[in-house]
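*Asks:* For reference, the structure I am asking about is given below.
Structure follows, in structure tokens:
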């Protein structure tokens with residue numbers, strides 16, 4: 108948010124009667140102008156005082172700040188005010204003061220400022236052109252890069268792509284450093300493409316239901332159960348069928364408990380040998396490390412949601428953090444990879460993608476992933492938050508795991524959390540009212556418990572990630588088609 112100069116600070120600056128006119132003018136600007144006509148009159152009023160202001164770089168900076176603060180009104184009055192005029196005012200005044208446009212960029216990086224001049228009520232393509240015009244006038248490319256990041260972080264993917272392309276095309280000349288170019292290329296890779304829509308299916312019985320949908324990726328398997336892995340003899344058919352449908356295939360492998368280690372390891376070894384280009388979603392560090400040591404192309408590997416959880420995803424996160432230190436107690440809104448040490452661990456694996464969730468408290472983590480070379484894939488419906496060695500579904504339906512339990516993971520069991528088990532005291536305790544009120548009905552599939560989100564992702568949310576994942580089990584055929592139709596226009600970057 109832009110700084111606001113207090114009345115007291117302003118009054119201390121203007122000591123002489125000659126300066127009082129400037130003080131009154133800036134004081135009014137500082138309180139946000141309500142219309143462009145009003146601002147125009149004030150600009151005219153200032154013309155006779157320009158030489159006085161030019162004497163003080165602080166005053167000129169303050170005036171530019173005031174102009175930027177009013178950019179929202181200048182560029183968005185029901186589409187009646189040309190955005191060129193708003194930009195023109197700022198460029199005129201910076202030039203009049205004999206200043207560079209750096210002030211404009213230093214103080215205009217926040218999403219509520221510069222990009223709204225060009226975005227407001229005008230056509231998005233025109234807005235992107237205007238942004239490019241402003242960026243090209245900057246003498247410091249690093250500010251253009253920061254502006255592009257600010258645009259991206261507020262869901263303005265197309266506008267960010269225009270700015271980033273301008274930085275890249277300018278090349279490493281003059282003040283355009285090679286490291287800025289390299290960073291711009293990383294961000295441009297994310298900005299200059301549509302967001303993919305991925306549908307996750309637990310087994311091949313669901314395949315026919317998604318082949319004709321408008322998703323671009325089908326992920327097959329389970330993040331929790333080794334018995335949901337597709338039979339090796341069926342993979343050829345699945346790969347060919349998905350490819351023929353013009354879609355990309357991912358294979359999801361589960362978190363692996365010791366009992367199933369040999370079975371899953373043998374399966375994975377067979378898969379990577381026969382399908383060296385198949386993309387994998389890995390939910391176990393042991394399997395992840397094995398892939399790296401096997402020479403597999405780790406850019407084809409996504410870190411599954413089991414390994415990239417966020418504390419606040421768990422409805423009882425306040426209990427989980429009770430005995431933790433202050434750092435963790437204040438970090439419920441970040442992923443486990445928002446610390447340099449943990450992030451360096453997955454950097455060493457060289458993976459291509461990280462799965463997370465599409466929730467407001469997760470968004471701040473997305474950009475750290477991008478800056479370290481990872482694509483971001485966000486789940487938009489149900490968030491898995493606890494896994495167990497025992498299968499809740501098999502127990503509920505009276506099935507034996509690995510024998511006659513096929514299909515149990517597709518059936519939902521609804522739960523409501525009311526008590527917690529105090530291990531040390533070996534007794535049940537009623538959960539706190541605030542925790543109970545926060546927890547919606549939980550959904551259990553097999554040995555996983557999910558929390559259903561009520562958050563509806565917007566176009567800006569979708570534009571902040573490289574892909575969104577929808578789990579087919581949560582929808583009827585009609586509901587699935589409806590949600591895919593709703594998300595499709597939000598994913599387009601053209």
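Residue numbers (our numbering): 108 to 601. Every residue gets a Cβ at the ideal spot worked out from N, C-alpha and C, and that includes glycine.
1) Three-state secondary structure (DSSP) at residue 516?
2) Given residue 329, which residues of its chain have a CB within under 7 Å of its CB, disregarding the five upstream and five downstream residues?
3) Rounding to the nearest angstrom, what Cα-Cα distance links residue 414 and residue 347 in this structure?
4) According to DSSP, is residue 326 helix, strand or coil?
5) When the distance is taken between beta carbons, is residue 305 closer than 7 Å to residue 574?
6) Looking only at its own chain, which residues have a Cβ that is under 8 Å from the Cβ of residue 584, when we skip the five neighbours before and after it?
7) Just to confirm my understanding: we take residue 231, look at its own chain, exclude 5 residues before and 5 after, and list those with CB closer than 7 Å. What are they?
8) When DSSP labels each residue in this structure, what does residue 578 get in the three-state scheme?
9) Less than 8 Å between the CB atoms is what I'm expecting for residue 576 and residue 486, so what's the real figure, rounded?
10) Which stretch, first to last residue, makes up the beta strand (DSSP E) that contains residue 305?
11) Do you know offhand how far residue 386's Cα is from residue 375's?
12) If you draw a straight line from the alpha carbon of residue 551 to that of residue 263, how long is it in whole angstroms?
13) Give the secondary structure of residue 228 by DSSP, where H, G and I count as helix, E and B as strand, and everything else as coil.
14) Mind the definition here: the segment 285-296 touches the segment 488-501 only if three or more C-beta pairs lie below 8 Å; say whether that holds.
15) Express the C-alpha separation of residue 407 and residue 596 in angstroms, rounding to a whole number.
16) Give me, in chain order, the residues of the same chain whose beta-carbon lies closer than 7 Å to that of residue 115; leave out the 5 immediate sequence neighbours on both sides.
17) Do you know offhand how far residue 393's Cα is from residue 276's?
18) Using 8 Å as the cut-off, can you tell me whether the segment 518-529 makes contact with the segment 493-504, which would need three or more C-beta pairs spanning the two stretches below that distance?
19) Taking C-alpha atoms, which residue in 343, 299, 460 and 464 lies nearest to residue 481?
20) Three-state secondary structure (DSSP) at residue 172?
21) With the cut-off set at 7 Å, would you say residue 571 and residue 473 are in Cβ contact?
22) Cα-Cα, which of 450, 536, 586 and 514 is closest to residue 554?
23) Could you check what DSSP says for residue 256 in three-state terms: helix, strand or coil?
24) Could you spell out the range, first to last residue, of the alpha helix (DSSP H) harbouring residue 598?
25) Rounded to whole angstroms, what is the Cα-Cα separation between residue 456 and residue 540?
26) Using the Cα positions of residue 365 and residue 397, report the straight-line distance between them to the nearest angstrom.
27) Measuring CB to CB, does residue 274 end up less than 7 Å from residue 298?
28) Find the nearest neighbour of residue 479 within the set 454, 312, 544 and 494, judged by alpha-carbon distance.
29) Are residue 538 and residue 523 closer than 7 Å when you measure CB to CB?
30) Kindly indicate which residue of 532, 321, 313 and 511 has the alpha-carbon position closest to the one of residue 302.
31) By the DSSP assignment, the alpha helix (DSSP H) with residue 464 in it spans what residues?
32) Rounded to the nearest angstrom, how far is the Cβ of residue 331 from that of residue 557, given a contact under 8 Å?
33) Please list the terminal residues of the continuous beta strand (DSSP E) segment that includes residue 558.
34) With 16 as the cutoff for other CB atoms within 10 Å, does residue 256 come out buried or exposed?
35) At which residues does the alpha helix (DSSP H) containing residue 285 begin and terminate?
36) Nearest-angstrom Cα distance between residue 566 and residue 598?
*Replies:* This is what the structure gives:
1) Per DSSP, reduced to three states, the secondary structure at residue 516 is helical.
2) For residue 329, same chain residues with a beta-carbon under 7 Å away, outside a window of 5 residues either side, are 309, 335, 359, 361 and 516 in chain order.
3) So the alpha carbons of these two residues sit roughly 30 Å apart.
4) Residue state, collapsed to three classes: strand.
5) Yes, the pair counts as a contact, with Cβ atoms nearer than the cut-off.
6) So the qualifying residues of the chain are 316.
7) Residue confidence for residue 231 is low, a pLDDT of 48 falling below 50, so the modelled location carries little weight and cannot support an answer.
8) DSSP places residue 578 in strand when its eight states are reduced to three.
9) Between residue 576 and residue 486 a beta carbon distance of about 5 Å is seen, short of the 8 Å cut, so the two are scored as contacting.
10) In the DSSP assignment, residue 305 falls within the unbroken beta strand (DSSP E) covering 303-308.
11) Going from the Cα of residue 386 to the Cα of residue 375 covers about 12 Å.
12) Distance between the alpha carbons of residue 551 and residue 263 is about 36 Å.
13) Interpretation of residue 228 is limited by its pLDDT of 37, a score under 50 that renders its predicted location unreliable; no figure is taken from the coordinates.
14) No, the segment 285-296 does not touch the segment 488-501.
15) Each residue's alpha carbon lies about 27 Å from the other.
16) Legend: pLDDT at residue 115 = 49, less than 50; position of this residue unreliable, value from coordinates given subsequently. Sequence-distant partners of residue 115 (beyond 5 residues in either direction) whose C-beta falls short of 7 Å from its own C-beta are missing from its chain.
17) The straight-line gap from Cα to Cα measures roughly 43 Å.
18) Yes: at least three Cβ pairs fall under 8 Å.
19) Across the set 343, 299, 460 and 464, the C-alpha of 460 shows the shortest separation from the C-alpha of residue 481.
20) Interpretation of residue 172 is limited by its pLDDT of 47, a score under 50 that renders its predicted location unreliable; no figure is taken from the coordinates.
21) Contact annotation: residue 571 and residue 473 have beta-carbon atoms nearer than 7 Å.
22) Taking residue 554 as reference, the option from 450, 536, 586 and 514 with the minimal CA-CA separation is 514.
23) Reduced to three states, the DSSP call for residue 256 is helix.
24) First-last for residue 598: undefined, no H or E at that position.
25) If I take the Cα positions, the gap works out to 42 Å.
26) Rounded to the nearest angstrom, the two C-alpha atoms are 15 Å apart.
27) No, they are not a contact pair.
28) From the listed residues 454, 312, 544 and 494, the smallest Cα separation to residue 479 is found for 454.
29) At a Cβ-Cβ threshold of 7 Å, residue 538 and residue 523 do not count as neighbours.
30) Taking each of 532, 321, 313 and 511 in turn and checking the Cα distance to residue 302, the smallest one comes out for 321.
31) DSSP places residue 464 outside any alpha helix (DSSP H); the residue lies instead in the beta strand (DSSP E), whose first and last residues are 460-464.
32) The beta carbons of residue 331 and residue 557 sit about 11 Å from each other, so the pair does not count as a contact at 8 Å.
33) Where residue 558 is concerned, the enclosing beta strand (DSSP E) stretches over 555-559.
34) Buried, by the Cβ-count rule.
35) First-last of the alpha helix (DSSP H) with residue 285: 285-298.
36) Rounded to the nearest angstrom, the gap between the Cα atoms of residue 566 and residue 598 is 7 Å.
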